[in-house]
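Below you'll find the structure, written out as structure tokens, and then a few comments.
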Amino acid sequence: MTVQRRVELTSAALADLGRLKEDDPELAAQALRLLRRLERREVDGIPLAEMAVTGNLSDCRKLYFGGANGRSHRVVYRQLPDHETVEVLEVVVVESRSEMYVYLLASQRMGRLPTESGARFTRLHQATISRRGAARKQGRQTDR
Amino acid sequence: MLPSITEALGEEGAAAGLVVFGAYRKPEAAVVPYELIELLDPIIEDLVIAARVEKRRADDDGRRYTLDEAAAELGLDLND
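The listed protein sequences correspond, in order, to chains A and B.
The opening position of the first sequence corresponds to residue 1 in my numbering, with each subsequent residue numbered one higher.
The opening position of the second sequence corresponds to residue 1 in my numbering, with each subsequent residue numbered one higher.
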């Protein structure tokens, strides 16, 4: 018997989707549809690499979506234990994979960004904010 | 020196490994073949995800939303 699946989002993952919707509503809708397909067992994520430094993340998987190559963004989810009748998948993160910016942002948020990388991060961060602002402005003009 | 390093990296790709620079036996910087960076990318990504998940677990408020609730909250149609 196939155990039924249920996908749940944490508050932070829902906030991620809200931000994604502000940037690109179609991409946010695409993410939700992908999660529905996950719930229906039509797709499954890729397990994370096992590394001593990351601790036990064997319950976590990642799924890609968006962009021309279908890999511009990712969803990270956990398979919760001890659900015998329903398999619960908890979505923890929905985010862009925009290469170094994401790495730098994560490092900066964790307070691990080396001082000498600060200026480069600030430039990238400002460029990203400007790009998002321009996209929003363009969206508003299109709406009129 | 840099042209010869670039040449070696071009010839050997990822197999060239790292070229480490430093002073007084202390490593300060490294040149990494781009081919090696591409191979490392999934590993770096998983390290970033691990850090993200750890942070999210620490900040979790315990609230959960089903897909229908999330779609309603965001004003998106799941059946588009």
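For glycine and all other residues, C-beta sits at the position ideal for the given N, C-alpha and C.
Under 8 Å between C-beta atoms of residue i and residue j
i              : j              : result
L20 of chain A : V94 of chain A : yes
C60 of chain A : V53 of chain B : yes
Q4 of chain A  : E84 of chain A : no
D68 of chain B : L78 of chain B : yes
G13 of chain B : P42 of chain B : no
L80 of chain A : L38 of chain A : no
L9 of chain A  : A71 of chain B : no
G66 of chain A : L27 of chain A : yes
A30 of chain B : L40 of chain B : no
A8 of chain B  : A15 of chain B : no
L57 of chain A : R74 of chain A : no
V91 of chain A : L35 of chain A : yes
Neighbour-count burial assignment, residue i, 16 or more Cβ in a 10 Å radius
i               : result
V20 of chain B  : exposed
S96 of chain A  : buried
A13 of chain A  : buried
T6 of chain B   : exposed
D46 of chain B  : buried
D44 of chain A  : exposed
D16 of chain A  : buried
Y65 of chain B  : buried
L2 of chain B   : exposed
Y77 of chain A  : buried
A134 of chain A : exposed
Within-8 Å CB hit, residue i to chain A
i              : result
R25 of chain B : no
A50 of chain B : yes
V31 of chain B : no
Y65 of chain B : yes
E38 of chain B : no
V53 of chain B : yes
A72 of chain B : no
L78 of chain B : yes
P42 of chain B : yes
One or two residues paired with residue i in a DSSP bridge
i               : result
R97 of chain A  : DSSP lists no partner for R97 of chain A.
Q138 of chain A : Looking at the DSSP assignment, Q138 of chain A forms no beta bridge with any residue, so it has no partner.
V91 of chain A  : A:L9, A:Y77
A29 of chain B  : B:F21
V86 of chain A  : A:Q4
Residue-level contact to chain B via CB, residue i, 8 Å cutoff
i              : result
L27 of chain A : no
T10 of chain A : yes
R40 of chain A : no
R5 of chain A  : no
A15 of chain A : no
V76 of chain A : yes
L57 of chain A : yes
R19 of chain A : no
L48 of chain A : yes
Proximity test, residue i beta-carbon vs the ligand NAD heavy atom, cut-off 7 Å
i              : result
L36 of chain B : With respect to the ligand NAD, the structure shown offers nothing to examine, as it has no ligands at all.
Let me know the beta strand (DSSP E) ranges lying completely inside the region 8-76 of chain A, each 3 residues or longer, listed in chain order.
-> As far as the region 8-76 of chain A is concerned, its whole beta strand (DSSP E) runs of at least 3 residues are 60-65.
What are the uninterrupted segments assigned as alpha helix (DSSP H) that are 4 or more residues long and contained completely in the region 36-76 of chain B, given in chain order?
-> Counting only runs of 4 or more, we get 67-74.
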